[in-house]
Each structure stands twice: as C-alpha cells, then as structure tokens.
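Peer 1: Just passing along the structure, written as structure tokens.
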Amino acid sequence: MRGASVATVYAYSGYTVPLQPNDATVSTLQMPVEATITAKDWNGATLRTTAETWNNPREMASKEITEDDGKVSEQTYFYDANEQQTERDEYDYGSGAPGALTRVTLHTYGCAPGVHIVDRPTVVEIEGSSRTVTAETEYAYDQSPLVASGATDGRDPAYGAGRGITARCNLTTLTKVNYTGNISESFTYDDAGNRLTHADGNGNTTSFAYSSSDQAAYLTQITLPNTTTAGKTVQHSFTMAYDNTTGLETSRTDVQNATTTSFTYSDPLDRLTGQNNPDGGKITYAYTANSVETKKLAINSAWTDAFAHWGGLGSADRKLTYNGTNWDTTDTAFDGEQMPLYVSYPYFSSGIGSTKATSNSTEPGDTTAFDGLGRPTQILHSDGGTMTIAYSGPNRTVTDAAGRAREEFYDALGRLAEVKEFTDASGDGYATYYGYGSLDDLKAVTQGSETRTFDYDNLNRLVDAINPEGGTVDYTYDNDGNLIKQQDANGTIENYTYDALNRLRARSYTVSGKTAATPAVEIDYDIDSTGAATDYATGRMTRVISGSTSIGMDQYDAMGRLQTYDTVVSSQTYHTSLRYDYLGDAEWEELPDGREIDATTDYEGRAKFLSDQTAKYDFLHYRTYSPAGGLSEEEFGNGLVGYVDYNSRLQPVQISVKNPSDPSDNTWRMNLSIGYTEAGVQTADNGNVVSLTDALGNASQNYTMNYDHLNRLLSWSMGGGTSCQFAIDQYGNLGLSSGSGCAMLSGLSFNGNNQIVGYTYDASGDLLTDNAGSNYAWDGNSQLVNFYTGGASGSYVYDGLLRRVEKAADSVTTVYARDALGNVVASLTNGVWTDYVWANPPGAGNRMAAAPASPDAERIAAVVGSGVGTVYYFHTDQVGTTRAVTDENGNNVATCGQNATYPNGSFLTYGPFGMPTGCTQTATPILFTGHELDSESNLSQFQYRKYAALEARWATPDPAGVNGPPAPSPNGFDLGPAAAGAPGDLEPESPVASLATLPGFGLPLGGVDPLEPQTWNPYAYVGNTPVVFVDPSGRWWGCVAMSVGALGFGLAGLATADPFLGAIGWSLGAHALACHFVM
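Every letter in the sequence shown is one number past the one before it in the numbering used here, and letter 628, counting from 1, is 628.
Below you can see the structure in the form of structure tokens.
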C-alpha cells in the first residue's frame, strides 16, 4: 500500500543443546537465540537496538535497549533451579549506558515442586530503587479439603493419598501485605478443580456451583452474598444452562428478578446467532466469510441493522449502520503491516457491497504515516491540515495543524516524566514534571513553583493528597478497597458504609470550620423502605434519603432499566415515569404535572419525533442526521426548521433556523457561521473556533478569537468595538488584562494556590467571599447552600445524589424534578410548572439509575404552565449555548439584534466566558452551554459545581480532579440482563491468572490529563477554551463532537480532553471533533 519497506534485522548466537539420552549418532547441536534486534526506519536509519544475553535457550539473562538518541535502558533476570524467574531488575535510561535501578520484582515459588508444579508463586514482592519492599502479596495453596463434585469422568483414580500425591496447588489464600494490616482473600474448590467459594477481604462470600449431571464441567450458578434492607434479607443469584454437546451457554437467569436471557447458535461454527432478552427484545447475528451482520429488534417489527467487515488478513476495514434510507459507513485501509493507513470520515453508502473508500478515493478521511516501530509520525486530514509526531528516543514532540506543539518525555518504564508546553515558536515553554513510586503510582507533580504530592499504602491506594488549592485530603479504606473515610483540609470528615456487595449504603458527615451542616445519606437497594418487593429491583437502587429530600426508584423493567423516579422535597412527591423500546430508547414519559410525551426514534435510536399527548401538539416533526450522527435538519413544532452544514472534516460551519414556508431571507430566526482556519489558512484547522459570525448581517454580534501557543483563548473581539485581551499564567489562571464590554471582571491576580487575590477561600479551596461583597457557604460536598450579597440572597437544597432539588432566591422558590435518565424535566416556581422536553441519546435507558444526566441529552423545548401552556424552543450554538428562543408561533422571544433585512432574526450575545450581555431574553434561564444561570448570584448551575462567568472560573476545585478520588458511586450491583454481557462473561476469575500482578488502585485523576498540564488547575474552566470545550456536569471536561448533535439543545457527543491519552495515532480527528487534535 505504501510502496516502501522497513526492516527489522536479527542477529543470533548459539547455545549447545544437550544430546538426547542413548543417542550417540547425533553430533552436538547449536540452538540459535536472539543476540541483537535492530529496528530500522523507512530510510534505513536505526530507530532502536535491542541486545539480549542468555543463560541458556530458555533463560534470558538481560535485555538492553538503545534508542536512536543514545539513551540506554536495561532489564536483567535471575532464575531458580527450575528455570522460574525469581528476580527482574529494571533500569532507567542513561546516556550511553543503563541508568539507575528503578524497580525490582521478586518471586518466590513453592507449592509442590516434588510433583513438578514449579510455577506457583508463594510471595511476590516489589522493591524501589533503594531495595526497600513497597508491595508484597503472599499466596497459599491447598489449605482446605476438596469438596466432592460428583464427577466421575476424566479422573485419575490413583491420584491421591494412595500414591502419596495430594497437591493440587489450588490458590486458597491470597494475602496483600499492608502497613496498616494485612488483607486476605480465601478460596475453596471441589475435587474437579472448580472454584466453589471466594471470600473477599471483608469476609463476604460468593459461591459457585456446578452440576454433577454434566460432570461438573460448567458453572451453573453464582450466589452472591446476602444483603439486608429494612430488616429483610435479600438473596442474589444467577443460574446458567448449557448445551452439553458444544459447551456453549444457552441461557442465563436472574433468579430473584425471574428474568431469563437465552442464546442460540444456529451456525456451522457454533457462533452466536441469536439472543432473546426477557422483555421480548431480540438480537441476531449472521456471518459470511468476512463479515458479521447484527440486527436488533427495536419495537414491533422494526429492526436495526449493522455490518462489520474484515479484510483478508483479519483487520476490520468497514463498518456500516442502516439509518432507514442508506448506510452510515466508515472505511479503513491498512498497509502491509496491518497498520491503519487511511480512515475515512463517516459517509453515506448504498450498503456493504458498494465501493469502499480508500486512501486515493474522493471520500474525505485521515491518512496516517508510521515509522519502523509502528509509531504514528503524521496524520494528514482531508483539508490538508497535518499533525506531526517527531520522536527522539522514547520522547516525542507533537505539533498540531496550526503549528502549536508540546514535547513529552518518558522514562524506561513508559511513564510520563515531563511535559513541555511551548509558549512560542522558538521553543520556550512551561515544564511540568512527574515523579512515581515503584508501583507506577504518581507521587509528585511539579509546575513552576507549585507542587502536588500523593501518598499511597502498600496496596497502591491513595491515602493522602496535598494540592495547593485544597490542602491535604486523607483517605481510609476497608479490606475490600472501598473508601470508608475522607477528611478534607477543613477538618470535615465524610464516612461511607457498604453492604456485602460493596454497594454504598450510607454517607455521614462531621463538619468542621466554615463547612455548613450536611445531612446524612441513606441508600436502599432491592426493595423499598417498607420491605416490599418492587418490580425487577433486586440488585438495584430503590431509594436515597437525605435530610428533607428523598428519591424513589421503585419500578424497573425486565431489562433492569429504571422506569419511575420520584423526587420528594419537604414531604411533597414529584413523580416521573418512563417507558422504553427493546433497545432502551425512551418512547414515552410522564412528567410531574401529568404531561405525557411520546418519542419516536430512527433506526439508530436517535430522536426523530416528539409530541405532547396532553396538549395534543408536536415538539419535533422530524429529524435527519449526517453520516457521523450529527444533526442535519429538524422541524420544530412551531414550523421552524433548523439546519446544520458541515465542512469536509464534518465540523459544523453553519447553524441556522428559519421558516421554510417563506422562501425569502427575512424569515431567518438565527444564522450562525463558525470558522476554524486561522489567518484564513485552510490547513491550519486544529479544532479551535476562531470566528462566530451572525450571518444575518449584525456585525456588532460577530466574534473573532485568537489563541496562544497552548491553545488558550488569548483575545476576543466583537463587532462594534468590544475587544478583550487576556493574560494567562503557566498554571492556567486567566485574567482580563484589557478591554471593555467583555462581561468579565478586570484586574484579577492570583496567588500560589491558583486563587484570586482579595477573595477569601476556606482550607479546601471553596470560595467564601469576593470583592463585590458576596458571601458563600458550602456543605461537606462543596455544594453551595447559601449565598447573600447586599441586594440578593439564595439558599439551595440537594438530594442524596448531589443534585439540586430546590432553590429559594429573593422570595421565589423553585423545585426541580428529574426523570429516570437524570434530566431535569420539570421545575415548579411559586406554583407555576415549567416542563422541559428532551431528545435523549440512543439506549439512554440502559444507563445506571444514579448516573448523572447524559451529556448527549438535548433540551428541545420548555412548556410554561400546565396543560397547553406556553411553548418555547431552544436554538443553540456549537457548545450548546442558547443563541435564540422562539415561541409556539415561531417568533423570536428576544427582539434585539434585528435589522430591516432580517426583522425576525435575533442572536443572544454573551461575553467570552459565558456571561449574557447585550441581546438577552427573560423567557428561560437556560443559557451558557445549556445550564441554568442563577440571577441572584450570577453563577451557572452545574450538577457538581458553580461556574462564575465573570471570573471565567469555577467557584470550587474540581471534585473529580486533583483532590483524590471522587465519592464512591452509589450505583447498585446490577444482576439484570441489560448489564449481563455476552455468554461466558460470568465465569469466575482464574485462580492463576492474576498471580503475577499486584492489585492497585493508583490515583484517579478525574478531570486531569497529565499530558495537558493546564488541567491540573481545578478552577480553570475547560482549559480556558470556552468556545471549543464543554464541561457537562462540573466534574470533567472534554470536547464537543460537533458532528454529533450540532444544533445542541444540550451537549451531544463528548470525547476526552486529550485524544492522545488513549491510543495515539490514527483515531485522532477521524470524526473531526471540534477539539485540538494535539493539545
């Protein structure tokens, strides 16, 4: 495919092989072993040389790697008499010779060497560079008697005491050594070698059963530990059935919920051909020599259809999904090494038999070049933009299409040691350094004068984190790794309790300092609080109680999808109910005021039609989508039609709304053009939005953005004279350095804790007072509970899942009701209902009940008042910010920003970081990125934090970021088929599979990406790039896949903040995310 070749050159040395016994006719033999391996690039240059030494053909003694920059690393190996590796020493890079010793791994073996079972470790230790043990795991075998299985076939009757051989080397105790106390897990077995029980570190036992009728060959039942709710004991078990001819699983039953999923294998090769779900849903699989077709029953007789196709060497080269008219298709072309040479952007095709896109086809896509080690060196986008990756030894420099670069340095263990963010083209920049322990645990982060440190126990669990913003946070765990205590820098203690299934059952708080009183939380599962059984609820969350609030989640369907969600605030219940099709797509919903919403989806589960069965009118008449899934066209219930146009990279370049019944231009309600090319250079598109233009001719509402070399917003100008210049330091603290009309505070400076000078904060970094005289009070979850200033005040109530349920501001009280999908579907303000209509993403019902609302859900409309009410429609920009609101007659609610040519047009305006300015409206508070703006405080309400647009930052540190692990998820252990997976997924863990590894938890970085040092600042909003990135909940941020749901009404399609954190290379930019392809 490439018309070129690379070479890997092998050189060998020989070792004498002993002669076979009693064979004098064969001369001494030499066994070749690798001596050197030289990897060369396309031009013949040497990229890496590996030199190996051997004790014998089975024991490698050392491996020395020399990189192309002269750096050398080494690993040495030692063995016992049975040729089992007892020690591995790893040395870091050095110049011309191996560097310092970094890690030592020691294995001691035992069990039964007398019967030639020599590979079972009894102790595994890891030491650091000082040769001090940092982790130790001990293994013991055959400590408990075997249980009779009833199996008779395949047994050696002479094996046992009669021959003096009784060792099985079944792992019976696994002990993790820890300085606070050792943790042990235990196992038992039957005489057929099957594991029967597993007792975890807390002593909770899971049992596995096998049937003697099939010679104990198959796992037929799993029984989890019993739990107790409201004084009632609840059992949890699965059963499985098999075809004894093939050994394949034919059904799986959730015993307590009485639901069964069955599997069929009507294929000559015994491949899975069908799955029948307990709710009536079906999945079928059909195979050819090089493809598999998957069909899923959606509802009634409608089936989805998708193909995966493989090339002659087994690489997946085509994926197709039927959309009702044609096929959404993505093609991949591979080179001779089966590296993805070319990946097309999604396009429409006529089916699997149509001509495929290739690197020289007219279909746009990304072409990737690789070096001789298979590392990507260039990604060429369809518009000519190029991302390059240059290597020097283990390090790499990544440069995006606009010429902005960063350099990454790695140690010999593959760990990121340093990131240099270039601040100009000359190579100047900011360095961030990372230090690690011997367990690959991140121990220190150093940026300029700021240092963050993290300490761990011997099980690699984070026990304390020290950050400039939030001080010291300490963590304590139980013997099963559950976080049971967390103490922050304020002295506030949060305690957690769990049941035998490790489900969070309670949170309690002992507050200290300025932290407001925080109610305890009780979480129930399986049955309701009275002990009554609920539909399909075993294994699932049913109730959350916190102070004056509670949540009822009593009704599930047979697939384990939550149907009812009751919000209780001050004894008043707000009930919502959902019904799903077979794929988990929401098809009907009832809101608290009785309004009923019907939803119809297309063949891919995407919203197509929404109607109000109460008031008998439609919210959404139809929708069409781009091949990448992005919204192309939709008609609202008021007759207006929205359009999205895309460029060759599938980035949206035009978002507009108009009345199609009038061909003249004066019917436009909104027309937004989006630009990506810096200085008009087409090939410089790195995902930054550089212009937003009101195509209705209102020059005063046109925006132009410039970015610094770290892709942070450096300036923002608006037609009419507004110009904003920003100063941003190494840590991502942004201040307005000059400009007027920017809807931001000027003159801000920052201290060494990344906090605003002149503002006051508590020890955990939560904002207490600002320069405007505002006062803030936060609870133990860093949720704002009280706010007051000279002219306004507010108090706020949250439920046990940290969702705001009530706001009382300036004598106006609002209660918020959510549905089973986590969406705010209604609010009640002083007796007046406002219902929100959502277009939910495909399969929304398959999410866990307690998960945050999906970032892919789109808020379509609001209905103010019960019954018919008054309907308002949301029209948003590329990040989901409301740019126009129209009423049920199609008129713009806002009447500013119009001109004679476009008398019906309007464009709501905002400052660079989201504060409304200029052209505004009062019909809805749903504004910046689709979040509610609290007028009393000018803070935007995100689920986990409050955003201050005037300061362009969060009011509290990121709860999922640098202050250690987030609070444990309260989601239940779901036994239902919706989470059951494919046949075979329930097999118990092999007792040997994990012997060579030490379990570890490490540092959950949450919203931090080490390759993006700017993300270490937990106050900065989306890396100071607010027209490119979004943060849907306040806990993590990413880029908007603007080719998906570009008209917004929510945030559709999120990717991680840094695509390089995952698999580097060919996947980057393949779907033209509105993200930096590098930074």
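For each residue, glycine too, the CB sits at the ideal point set by N, CA and C.
Only a predicted model underlies this, so the values are computations on that prediction, with no experimental measurement involved.
1. Does DSSP classify P376 as helix, strand or coil?
2. Hey, how far is the Cα of G637 from the Cα of L620?
3. Going by Cα to Cα distance, which pick from Y345, R579, G114 and T834 is closest to S866?
4. Can you look up G845 in the DSSP assignment and give me helix, strand or coil?
5. Just to confirm, are T876 and Y910 a CB contact at a threshold of 8 Å?
6. Please name the residue, chosen from F928, N495, E596 and A861, that lies closest to T914 on a Cα-to-Cα basis.
7. Can you give me the C-alpha to C-alpha distance between T250 and T205, rounded to a whole angstrom?
8. Quick one: Cα of T600 to Cα of Y574, how far?
9. State the Cα-Cα distance for the pair G154 and N244, rounded to the nearest angstrom.
10. Could you give the first and the last residue of the continuous beta strand (DSSP E) run that contains I728?
11. Is there a Cβ from chain B that is less than 8 Å from the Cβ of L196?
12. Is the beta carbon of T227 sitting closer than 8 Å to the one on D526?
13. State the CB to CB distance for the pair K63 and T50, rounded to an integer number of angstroms; the pair is presumed to be in contact (CB under 8 Å).
14. Might you give, ordered along the chain, the residues of its own chain that have their beta carbon closer than 6 Å to the beta carbon of Y430, omitting 5 neighbours on each side?
15. Taking the C-alpha atoms as reference points, what is the distance between T870 and V885?
16. Under 8 Å, do V234 and I165 count as touching if we go by C-beta distance?
17. Do L47 and D371 have their beta-carbon atoms positioned less than 8 Å apart in this structure?
18. Straight-line CA distance for N830 to V837?
19. Where does D566 fall in DSSP's three states?
20. Using DSSP with H/G/I as helix, E/B as strand and the rest coil, what is V1022?
21. When the Cα atoms are used, what is the spatial distance from G1062 to A412?
22. Specify the secondary structure class of E678 as computed by DSSP and reduced to three states.
23. For E52, tell me which candidate among T66, N43, L313 and D428 has the shortest Cα-Cα distance.
24. So for G1087, helix, strand or coil by DSSP?
25. Is the closest heavy atom of the ligand SAM to the C-beta of A11 under 7 Å?
26. When you compare the CB positions of Q654 and R803, do they come within less than 8 Å of one another, or not?
27. Please report the Cβ distance between E1098 and L106, rounded to the nearest whole angstrom; I am assuming they are in contact, meaning their Cβ atoms lie under 8 Å.
28. For the beta strand (DSSP E) that contains L736, what are its first and last residues?
29. CA-CA distance, D535 and Y556?
30. Cutting at 8 Å between CB atoms, please list the residues of its own chain near F907, excluding the five before and the five after it.
31. According to DSSP, is F973 part of a helix, a strand, or is it coil?
32. Could you have a look at A289 and say whether DSSP puts it in helix, strand or coil?
33. In chain order, what residues of the same chain lie with their CB nearer than 8 Å to the CB of T386, ignoring the 5 residues before and after it?
34. Which same chain residues end up closer than 6 Å to D618 when comparing Cβ atoms and leaving out the 5 residues on each side of it in sequence?
35. Span of the beta strand (DSSP E) holding P1010?
36. What are the boundary residues of the beta strand (DSSP E) that includes L591?
Peer 2: Based on what the coordinates show:
1. Annotated three-state conformation of P376 is strand, per DSSP.
2. Each residue's CA atom was taken as its position, placing G637 and L620 some 5 Å apart.
3. Ranking Y345, R579, G114 and T834 by Cα distance to S866 puts T834 first.
4. Looking at G845 - three-state DSSP - the assignment turns out to be helix.
5. For T876 and Y910, no; Cβs fall outside 8 Å.
6. Position check: residue 914 holds Gly in this sequence, whereas Thr was assumed. Taking each of F928, N495, E596 and A861 in turn and checking the Cα distance to G914, the smallest one comes out for F928.
7. Looking at the two C-alpha atoms, the distance is approximately 27 Å.
8. Within the model, the alpha-carbon separation for T600 versus Y574 is close to 25 Å.
9. Our two residues, G154 and N244, have alpha carbons roughly 16 Å apart in a direct line.
10. Here the beta strand (DSSP E) through I728 covers T722 to I728.
11. The question asks about chain B, but that chain is absent: this structure has only one protein chain.
12. Going by C-beta atoms, T227 is nearer than 8 Å to D526.
13. About 6 Å separates the CB atoms of K63 and T50; that is less than 8 Å, so the two are in contact.
14. Excluding sequence neighbours, Y430 sits near E421 and Q730.
15. The alpha-carbon of T870 is positioned some 13 Å away from that of V885.
16. Cβ atoms of V234 and I165: not closer than 8 Å.
17. In this structure, D371 lies near L47, with their beta-carbon atoms less than 8 Å apart.
18. Their backbone Cα atoms lie some 21 Å apart in a straight line.
19. If DSSP states are grouped into helix, strand and coil, D566 belongs with the strands.
20. Three-state DSSP puts V1022 in a helix.
21. Residue confidence for G1062 is low, a pLDDT of 27 falling below 50, so the modelled location carries little weight; the figure read from the coordinates is stated next. Spanning the two alpha carbons is a distance of roughly 19 Å.
22. Looking at E678 - three-state DSSP - the assignment turns out to be helix.
23. The shortest C-alpha to C-alpha distance from E52 to any of T66, N43, L313 and D428 is the one to T66.
24. Because the chain in this structure spans residues 1 to 1079, residue 1087 falls outside the shown range and cannot be described.
25. With respect to small molecules bound, the structure shown includes none, and the ligand SAM cannot be examined in it.
26. No, Cβ-Cβ distance for Q654 and R803 is not below 8 Å.
27. Here the chain comprises residues numbered 1 to 1079, so residue 1098 is not present and cannot be evaluated.
28. The continuous beta strand (DSSP E) containing L736 extends over residues L734 to S740.
29. Distance between D535 and Y556, taken at the CA atoms: about 6 Å.
30. Result list for F907: M670, L672, D694, L696, N698, Q701, R883, A884, G897 and C919, in chain order.
31. Reliability of the predicted coordinates at F973 is poor, the pLDDT of 40 falling under 50, and the value obtained from them is presented with this limitation in mind. Shown here, F973 sits in coil according to DSSP, grouped into three states, outside any helix or strand.
32. Three-state DSSP puts A289 in coil, outside helix and strand.
33. Result list for T386: Q378, I379, L380, A401 and T683, in chain order.
34. Counting only Cβ-Cβ distances below 6 Å, and skipping sequence neighbours, we find S611 and G637.
35. Here P1010 belongs to no beta strand (DSSP E), and DSSP marks it neither H nor E.
36. Taken as a continuous stretch (DSSP letters only), L591 belongs to no beta strand (DSSP E), as it is neither H nor E.
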